[in-house]
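Please read the structure below before turning to the comments.
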Ligand SMILES: CC(C)(COP(=O)(O)OP(=O)(O)OC[C@H]1O[C@@H](n2cnc3c(N)ncnc32)[C@H](O)[C@@H]1OP(=O)(O)O)[C@@H](O)C(=O)NCCC(=O)NCCS
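Residue numbers (my numbering): 32 to 230.
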């Protein structure tokens, strides 16, 4: 048996409260009804996004003890289509806390009721920010990391946050000059066509 020793003690226990991940872990299960489907008979990605936002909110607000808003959503890659009649379950857990923000990891699975076959449709990460009734940002409780998975998720989420911040800085440098000839050069080899412009 492995004993988990505290990784870091709170700087000051009176500074903020701490909650474990179990306190706010949330699962929503929903039956996929025909009105959720697209022309191809599969479930709309937007339906799943809406459910993910809902479960992220519940999980975040429970941890924060406050109203939360969605600040950003990390990549959502739908790995497999979801069919009408399947049961979709979304399992949400707080992975990381900053000062006023927290990251909720969501694992989405879909179950065929007849065969009990379960498929993993996606895992995504929502950054939620806590606010009070006056719309001011508020500090969220710290996180007690009780298991190795809690520790791994926290470190991975922090790494993702750093990568995202770097990426944002790089993305700010994307500016296309208003230079027709340069644009033509930049688009060489792409499957697009610029009709001759009158200057
Ligand atoms: C997200 C929002 C609260 C950020 O407000 P802000 O005044 O820019 O706040 P700050 O820059 O001080 O950031 C506050 C926290 O949010 C985090 N944050 C802000 N924008 C973020 C983003 N795009 N992605 C991830 N985290 C973000 C910051 O890292 C910070 O975290 P920390 O306190 O844990 O360090 C604000 O832009 C907002 O209210 N947006 C609208 C949200 C909303 O309505 N969502 C629903 C969409 S319909």
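A virtual CB, placed ideally from N, CA and C, is assigned to each residue, including glycine.
Do residue i and ligand 1 come close, with the Cβ less than 7 Å from some heavy atom?
| i | result |
| --- | --- |
| residue 131 | yes |
| residue 101 | yes |
| residue 89 | no |
| residue 106 | no |
| residue 174 | no |
| residue 158 | yes |
| residue 168 | yes |
Spatial neighbours of residue i within its chain, please: CB distance less than 7 Å, with the 5 preceding and 5 following residues excluded, ordered by chain position.
| i | result |
| --- | --- |
| residue 111 | 150 and 152 |
Assuming residue i and residue j make a contact with CB atoms under 8 Å, what is their CB distance in whole Å?
| i | j | result |
| --- | --- | --- |
| residue 59 | residue 80 | Contact flag wrong, Cβ pair sits at about 13 Å. |
| residue 126 | residue 188 | 4 Å |
Mind checking whether residue i and residue j have CB atoms under 8 Å apart?
| i | j | result |
| --- | --- | --- |
| residue 109 | residue 135 | no |
| residue 107 | residue 155 | yes |
| residue 160 | residue 131 | yes |
| residue 65 | residue 115 | yes |
| residue 144 | residue 120 | no |
Grab me the residues of residue i's own chain with a C-beta within less than 8 Å of its C-beta, minus the 5 sequence neighbours each way, in chain order.
| i | result |
| --- | --- |
| residue 218 | 225 |
| residue 98 | 92, 161, 162, 163 and 164 |
Within the same chain, show all residues whose beta-carbon is closer than 6 Å to that of residue i, passing over the 5 residues directly before and after it, in chain order.
| i | result |
| --- | --- |
| residue 124 | 52, 56 and 136 |
| residue 122 | 58 and 138 |
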